[in-house]
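**Student:** Residue numbering for the sequence shown follows this note's numbering, starting at 33 and increasing by one per position.
Backbone N, C-alpha and C fix where the C-beta goes; we use that ideal spot for every residue, glycine too.
Quick caveat: nothing in here was measured; it's all calculated off a predicted structure.
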Amino acid sequence: MLIAQITDVHLGFEPGNEDELNRRRLDTALAALRGCSPAPDLLLVTGDLTEGGARESYEQLREALHGLPFPVHLAIGNHDRRDAFGAVFPDVPTSGGFVHYAVEDHPLRLLILDTVEEGRHGGAFCEVRAAWLTARLDEAPERPTLIVLHHPPAPTGLSWMTEDADAPWIRRLRACIEGRANVAGLVCGHLHRPVVTAWAGTILAICPSTAPQVALDFAPIDPETPDNRPMIVAGPPAYALHHWDGRALVTHFAAADDAPVLARFTPKLQPLLRRLAHEKKQASHPAR
């Protein structure tokens, strides 16, 4: 099973401009995913779909996603607004006022979480959401499950975008997940950077954004003292591909722009490919 992911689209950063930079970057990422072979089984879009939660921005997103050759599942982020999102995407399931739902029709079960507290930049995960997640995990204890959310529930060392490991919402989410044999991993966004870490006994993979990236910076930052450091950089739009082989989740990150091709599979490279295939066969079936 191959799961594509994009995140932090931020449509509407330039209100009224239908040709805004973030829309062009989104289209570049979607074009790259359309060209994937094999095609992804589905696409996750993990929040900050818009810059300000305007209905017209969600309508632009709906237009951009229309006609993709694989199903799309949406999560919301801190820049989103549930009312406008629901008006444009009424078929996305909700429960108890939260945009969280299960996707059951794939070998890897998906649980899409809502970690938004409107008006707050960081994550949130209340008792109501924790009860929902616990019930979903309890009802299918034998099914491998991927947790999908916007906010990473782990500190990353980034100077101004990282979370507090002891934040109540993170402790509450950890209590739902830790020790669960059916949790195959977590995937999220929010940081505008590719990051992978271990968390709560599983893997946490953070997808880079289609919108411009956050600069890599571990130096302490003082909000009261601007120091001219880079904060947002024009890295290419990016995406993740998560491969599930029935046993483990493997994540790859890729830039969506065209990289120069330095080698192709021509007869010149055929001896190398044959040797590698032979080595794999020998390793799998050693002589006795």
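1) CB G85 to CB D112, shorter than 9 Å?
2) Starting from H310, trace the alpha helix (DSSP H) in both directions and tell me its first and last residue.
3) Buried or exposed for N49, going by 16 or more other Cβ atoms inside 10 Å?
4) Distance, Cα to Cα, T298 vs W276?
5) Any chance you could list the alpha helix (DSSP H) runs of at least 4 consecutive residues sitting entirely within the region 98–142, in chain order?
6) Entirely within the region 162–229 and at least 4 residues each: give me those alpha helix (DSSP H) ranges in chain order.
7) Less than 9 Å between the C-beta atoms of I235 and G217, yes or no?
8) Figure out for me which residue from R203, D259 and P139 has the closest Cα to the Cα of A162.
9) Can you give the beta carbon distance from V180 to L97, rounded, assuming they're within the 8 Å contact cut?
10) Is S345 buried or exposed, if buried means 16 or more other CB atoms sit within 10 Å of its CB?
11) Would you report the Cα separation of A156 and G278, rounded to the nearest angstrom?
12) What residues match up with Y90 in a beta bridge as DSSP calls it?
13) Expressed to the nearest angstrom, what Euclidean distance is found between the alpha-carbon atoms of K300 and A309?
14) For R66, which residues in the same chain have their Cβ closer than 8 Å to its Cβ, ignoring the five residues on either side in sequence?
15) If you count every other CB in all the chains shown that lies within 10 Å of the CB of G221, and 16 or more means buried, which is it?
16) Inspect the beta-carbon positions of A107 and L145 and report whether they are closer than 9 Å.
17) Quickly, what does DSSP pair T283 with across the bridge? List them, please.
18) When you compare only the Cα positions, how much space is there between L143 and C239?
19) With distances taken Cα to Cα, identify the nearest neighbour of P187 among E149, W201 and E83.
20) For a quick check, are the C-beta atoms of T71 and A288 less than 9 Å apart?
21) Quick one, which of E149, L190 and D170 has its alpha-carbon nearest F250's?
22) Measure how close the beta-carbons of Q245 and G267 come, nearest whole angstrom, since I'm counting them as under 8 Å.
23) When burial is assigned at 16 or more other CB atoms within 10 Å of the CB, is I209 buried or exposed?
**Tutor:** Quick look at the numbers:
1) yes
2) Looking at the DSSP string, the run of the alpha helix (DSSP H) that includes H310 is Q302 to S316.
3) exposed
4) 29 Å
5) 114–120
6) 200–209
7) yes
8) R203
9) Not a contact, Cβ separation roughly 16 Å.
10) This structure does not reach residue 345, given that the chain is present from 33 up to 320, and the question cannot be answered.
11) 31 Å
12) Bridge partners of Y90: none, in fact.
13) 16 Å
14) L100 and P101
15) buried
16) yes
17) H274
18) 17 Å
19) Comparing Cα positions, the closest option is W201.
20) Strictly speaking, residue 71 in this sequence is Ala, with Thr absent from that position. No, Cβ-Cβ distance for A71 and A288 is not below 9 Å.
21) The option with the nearest alpha carbon to F250 is L190.
22) 4 Å
23) Answer is buried; the Cβ neighbour count reaches 16.
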